[in-house]
């Protein structure tokens with residue numbers, strides 16, 4: 001499945017069932033975030049929805065997921081895993097290419 005295709009999943013926000021379309025990588029990131037925070041997808045979506053004032057919850061979720069991992073990506077953390085200047089190493093492979101290589 002291409003990394004850019006949208007996947008539709010049902011979520012419950014404040015007791016109300018709805019659906020949300022995100023890229024597979026975004027769903028994976030959200031699932032990882034939930035594991036780290038010991039929360040369900042529904043709990044995280046409810047929290048984001050309660051703080052978000054706009055109409056587009058999907059966009060708010062993308063911004064929240066990105067912000068979460070950006071906050072976790074400290075300089076010390078980057079050094080610990082060997083990140084450095086992009087010119088010195090190839091870019092990380094796209095998800096579908098990495099899966100095809102397995």
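Numbering (UniProt numbering), first residue to last: 1 to 102. We put the beta carbon where it would ideally sit given N, CA and C, even for glycine.
Looking at the backbone, the Cα of residue 19 and that of residue 9 are separated by about 5 Å. In the DSSP assignment, residue 50 falls within the alpha helix (DSSP H) that extends over 41–51. Here residue 64 is buried, its C-beta having at least 16 other C-beta atoms within 10 Å. Going by DSSP, residue 76 is part of the alpha helix (DSSP H) stretching over 75–80.
By the beta-carbon neighbour count (other beta carbons within 10 angstroms, threshold 16), residue 7 is exposed. Taking C-beta atoms under 8 Å as the contact rule, residue 41 and residue 60 fail to qualify, at a distance of about 14 Å.
With fewer than 16 other Cβ atoms from the protein chains shown falling within 10 Å of its own Cβ, residue 76 counts as exposed. Excluding the 5 residues flanking it on each side, residue 14 has same chain C-beta neighbours closer than 6 Å at 46, in chain order.
A straight-line Cα-Cα distance of about 15 Å links residue 12 and residue 31.
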